[in-house]
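**Q** Okay, here's the structure, questions in a sec.
Numbering (the working numbering), first residue to last: 22 to 436.
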């Protein structure tokens, strides 16, 4: 997603007055629980660690190899998470004392056991990568497992040859563009990119060879939404069905904005849930990303205020954790994109620090520790990235597999 330079320059003075600069270690007081302080003498799970409150601090008493229960400690399965669980690729009951019970079902070929249910495995090529698109129409993959250098992490796939219609008049007036360009992107469960152009149309694009699969038929400017951020989210945690969530509306990325949901099986129409709407405490409207754990997040960029906020899938309202980036993004925001992967929020942002020279960077936030950083070596990139997307098959937690894949490591559970 990007805003026109004319709008971006309006923030420049504010940045100079505030002496903006990225904070590489800022933790948010509003972030999800995970600090050391506690009261009383209770127990909790923090990731795979079973902790007890001792003398006002959480102390780890045991590190679990399978599952953690806040009431039972380290167990084979947590009975509070459901009657059934997974033991390898079999659905089994979970007894009241946290042990595997009888086999309910053995998952067949092409299926895997996730959250106590046999479901279709994530098998499409490329579902384990982040994809980005820049304002020059370059579609690239981004591999978070190889951050040794930008040339190792980014791979140019190609330039989609989609044929969008006329540019939205409001965007043409603000940006000075004469043709429609990419504005935002999401990636579905089969690793197909859904690219929003500044014509207001959404096209499907192959992440294998960048070929344009075709126009989705999405109705332009419906519900008062011209341009917006996008992200896919599964309907249930570990499930294999998903929806496309939209957030924003006007071409200026005004804070707040509409919230809408698209069924990929019928993509022409977006539904605006009653009483829905995005938080308006940011400087700009958000880009969205989702997970296979049925979670939706928004990244709200800004000169002095920037944060990631978990959003309610039903309404778009703020819910759950908030990760603040102390000091904002360190300059006037030109373009931003956003995707989760393996327990991190990856932020692709282009800013003007006040010199008039744009700086494209990759930044990230560790969801568990709230640690924020600019990825070392990922500054002054040759791409102005306007869209990012990740499949709901991508890993959700650090050290854990993608939803729908056989487990190879314990999944953190916090209480």
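Don't be surprised by glycine CBs; every beta carbon is placed ideally from N, CA and C.
Note that the structure is a prediction, hence the values are computed from the model and not measured.
In chain order, which beta strand (DSSP E) runs of at least 3 residues are fully inside the segment 244-275?
**A** 248-255, 263-270
**Q** When you compare only the Cα positions, how much space is there between residue 417 and residue 143?
**A** In the chain shown, residue 417 corresponds to position 396, counting from 1. In the chain shown, residue 143 corresponds to position 122, counting from 1. So the alpha carbons of these two residues sit roughly 13 angstroms apart.
**Q** Let me know if residue 52 comes out buried or exposed under the rule of 16 or more other beta-carbons within 10 Å of its beta-carbon.
**A** Counting from one through the chain shown, the residue named residue 52 turns up at place 31. Because the pLDDT of residue 52 is 34, which lies under 50, any placement of that residue in the model is unreliable, and the number read from its coordinates should be weighed accordingly. Buried is the call here.
**Q** Tell whether a beta-carbon distance below 8 angstroms holds between residue 323 and residue 283.
**A** Working through the chain shown from its first residue, we reach residue 323 at position 302. Working through the chain shown from its first residue, we reach residue 283 at position 262. Cβ distance not < 8 angstroms, so residue 323 and residue 283 don't count as in contact.
**Q** Less than 8 angstroms separating the beta-carbons of residue 447 and residue 384?
**A** Only positions 22 to 436 of the chain appear in this structure, which leaves residue 447 out of reach.
**Q** Less than 8 angstroms between the C-beta atoms of residue 265 and residue 285, yes or no?
**A** The residue given as residue 265 occupies position 244 in the chain shown. The residue given as residue 285 occupies position 264 in the chain shown. A contact, by the Cβ cut-off of 8 angstroms.
**Q** Report the partner residues of residue 361 according to the DSSP bridge assignment.
**A** Along the chain shown, read from residue 1 onward, the residue named residue 361 stands at position 340. According to DSSP, residue 361 bridges with 366.
**Q** What is the DSSP secondary structure of residue 340, counted as helix, strand or coil?
**A** Against the chain shown, residue 340 aligns to sequence position 319. If DSSP states are grouped into helix, strand and coil, residue 340 belongs with the strands.
**Q** If you measure between the beta carbons of residue 23 and residue 222, is that distance less than 8 angstroms?
**A** Position 2 of the chain shown holds residue 23. Position 201 of the chain shown holds residue 222. When the beta-carbon positions are compared, residue 23 and residue 222 stay at least 8 angstroms from each other.
**Q** Is residue 397 buried or exposed, if buried means 16 or more other CB atoms sit within 10 Å of its CB?
**A** Against the chain shown, residue 397 aligns to sequence position 376. Exposed is the call here.
**Q** Would DSSP call residue 412 helix, strand or coil?
**A** Working through the chain shown from its first residue, we reach residue 412 at position 391. Three-state DSSP puts residue 412 in coil, outside helix and strand.
**Q** In whole angstroms, give me the CA-to-CA distance for residue 442 and residue 160.
**A** This structure cannot settle anything about residue 442, because the visible part of the chain is limited to 22 through 436.
**Q** What is the DSSP secondary structure of residue 157, reduced to helix, strand or coil?
**A** Sequence index remark: in the chain shown, residue 157 carries index 136 (1-based). Three-state result, residue 157: coil.
**Q** Would you mind reading off the limits of the beta strand (DSSP E) that contains residue 111?
**A** For the purposes of this step, residue 111 is identified with residue 90 of the chain shown, where counting begins at 1. Here the beta strand (DSSP E) through residue 111 covers 111-115.
**Q** Excluding the five sequence neighbours on either side, which residues of its own chain have a C-beta within less than 7 angstroms of the C-beta of residue 176, listed in chain order?
**A** Translated into the one-based positions of the chain shown, residue 176 becomes position 155. These residues qualify, in order along the chain: 161, 162.
**Q** Across the segment 334-354 and the segment 184-192, are there enough close Cβ pairs to call them in contact, namely three or more that are closer than 8 angstroms?
**A** no
**Q** Reducing DSSP to helix, strand and coil, say where residue 227 ends up.
**A** What you label residue 227 is simply residue 206 of the chain shown in a count that begins at 1. It is a strand residue.
**Q** What would DSSP say about residue 376, mapped onto helix, strand or coil?
**A** One-based indexing of the chain shown puts residue 376 at position 355. Note: residue 376 maps to coil in three-state DSSP.
**Q** Under 8 angstroms Cβ to Cβ from residue 224, same chain only, skipping five residues before and after it: list those, please.
**A** Stepping through the chain shown from its first residue, residue 224 is reached at position 203. So the list reads 181, 183, 185, 215, 216, 218, 233, 234, 235, 236, 237, once near-sequence residues are dropped.
**Q** As a quick exercise: from 62, 85, 66, 379, pick the residue whose alpha carbon is nearest that of residue 78.
**A** On the chain shown, residue 78 is found 57 positions in, with the first residue counted as 1. A check of alpha carbon separations from residue 78 across 62, 85, 66, 379 identifies 62 as the nearest.
**Q** If distances are taken between C-alpha atoms only, which option among 202, 344, 227 comes closest to residue 220?
**A** Mapped onto the chain shown, residue 220 falls at position 199. Of the candidates 202, 344, 227, the one whose C-alpha sits nearest the C-alpha of residue 220 is 202.
**Q** Does the Cβ of residue 80 have 16 or more other Cβ atoms within 10 Å, making it buried, or fewer, making it exposed?
**A** Within the chain shown, numbered from 1, the residue matching residue 80 stands at position 59. Counting Cβ neighbours within 10 Å, residue 80 comes out exposed, since fewer than 16 surround it.
**Q** Can you tell me whether residue 214 is helix, strand or coil according to DSSP?
**A** Within the chain shown, numbered from 1, the residue matching residue 214 stands at position 193. Residue 214: strand per DSSP, three-state reduction.
**Q** For the candidate residues 148, 267, 414, whose alpha-carbon lies nearest to that of residue 242?
**A** In the chain shown, counting from the first residue as 1, residue 242 sits at position 221. Nearest option by C-alpha distance: 267.
**Q** Do the CB positions of residue 409 and residue 226 come within less than 8 angstroms of each other?
**A** The residue labelled residue 409 in the question sits at position 388 within the chain shown. The residue labelled residue 226 in the question sits at position 205 within the chain shown. No, the Cβ-Cβ distance between residue 409 and residue 226 is not below 8 angstroms.
**Q** Note down, in chain order, each residue of its chain lying with its Cβ closer than 7 angstroms to the Cβ of residue 301, except the 5 sequence neighbours on either side.
**A** Position 280 of the chain shown, counted from the start, is the residue given in the question as residue 301. Contacts found: 276, 277.
**Q** Cα separation between residue 357 and residue 122?
**A** Position 336 of the chain shown holds residue 357. Position 101 of the chain shown holds residue 122. Between residue 357 and residue 122, the C-alpha separation is close to 48 angstroms.
**Q** List the residues that DSSP assigns as beta-bridge partners of residue 310.
**A** Locating residue 310 in the chain shown gives position 289, where the first residue counts as 1. Residue pairing by DSSP places residue 310 opposite 318 in a beta bridge.
**Q** On a CA-only basis, which of 68, 313, 318 is nearest residue 306? Give me that one, please.
**A** Numbered from 1 along the chain shown, position 285 holds the residue referred to as residue 306. Answer by Cα proximity: 318.
**Q** DSSP state of residue 38, grouped into three classes?
**A** Taking the first residue of the chain shown as 1, we reach residue 38 at position 17. Because the pLDDT of residue 38 is 32, which lies under 50, any placement of that residue in the model is unreliable, and the question is left without a value.
**Q** DSSP three-state call for residue 100: helix, strand or coil?
**A** Counted from its first residue, the chain shown places residue 100 at position 79. Residue state, collapsed to three classes: helix.
**Q** Is it buried or exposed for residue 441, if we count other Cβ within 10 angstroms and need 16 for buried?
**A** The shown model of the chain, from 22 to 436, leaves out residue 441, and the question about it has no answer.
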